[in-house]
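Undergrad: Sending over a structure as structure tokens; questions will come in a sec.
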Amino acid sequence: MSDSTPDITDVKAWLDDEYNQYMSTYLYDSYLRLTNGSAAHFVDIRITDDEEIQLFGERYGDQIDKRCEATRKSLLETLSSTI
1 MSDSTPDITD VKAWLDDEYN QYMSTYLYDS YLRLTNGSAA HFVDIRITDD EEIQLFGERY
61 GDQIDKRCEA TRKSLLETLS STI
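Count the sequence shown with the UniProt record's numbering and you get residues 1 to 83, in order.
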């Protein structure tokens, strides 16, 4: 990864800052999960080898499978249009 690409702990900090009153983040080895506590509402977030952020999950039956630039702004915009 390049120096400008965030790592997964950076992404967790962005999400905690933006969503900490409404959603929880759980950090695993290579990804994190953003959820409201329901098994039917979650997004798993990974930084891909090609330095993008991949979002995969479910929102009450709707499947989520998106990619965005590995920046805070792009991630938050993609999430706001997704969840």
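Yeah, the Cβ is synthetic: ideal placement off N, Cα and C, and Gly gets one too.
Whose CA, out of SER30, TYR28, GLU52, GLU58, lies closest to the CA of PHE42?
TA: Within the sequence shown, numbered from 1, the residue matching residue 42 stands at position 42. It is GLU58.
Undergrad: Can you give the beta carbon distance from LEU32 to MET23, rounded, assuming they're within the 8 Å contact cut?
TA: On the sequence shown, residue 32 is found 32 positions in, with the first residue counted as 1. On the sequence shown, residue 23 is found 23 positions in, with the first residue counted as 1. The Cβ separation is near 11 Å, so there is no contact.
Undergrad: I believe ILE53 touches LEU75 by the beta-carbon criterion, under 8 Å. Please report the beta-carbon distance rounded to the nearest angstrom.
TA: Residue 53 sits at position 53 when you count from the first residue of the sequence shown. Residue 75 sits at position 75 when you count from the first residue of the sequence shown. Contact flag correct, Cβ pair sits at about 5 Å.
Undergrad: Identify the continuous beta strand (DSSP E) that holds SER38 and give its terminal residues.
TA: As a working mapping, residue 38 is identified with position 38 in the sequence shown. Segment: none, SER38 is in no beta strand (DSSP E) and carries neither H nor E.
Undergrad: Give the DSSP bridge partners of THR66, in chain order.
TA: One-based indexing of the sequence shown puts residue 66 at position 66. Per the sequence shown, the amino acid found at residue 66 is Lys instead of Thr. According to DSSP, which records beta bridges pairwise, LYS66 is partnered with LEU55.
Undergrad: Using three-state DSSP, classify TYR22 as helix, strand or coil.
TA: Counting from 1 along the sequence shown, the entry for residue 22 is found at position 22. DSSP places TYR22 in coil when its eight states are reduced to three.
Undergrad: Roughly how many angstroms lie between the CA atoms of THR5 and TYR60, to the nearest whole one?
TA: Looking up residue 5 in the sequence shown gives position 5. Looking up residue 60 in the sequence shown gives position 60. Cα to Cα, THR5 sits roughly 31 Å from TYR60.
Undergrad: Helix or strand or just coil, what does DSSP make of residue 159?
TA: Coverage of the chain is limited to positions 1 through 83, which leaves residue 159 absent and any answer about it impossible.
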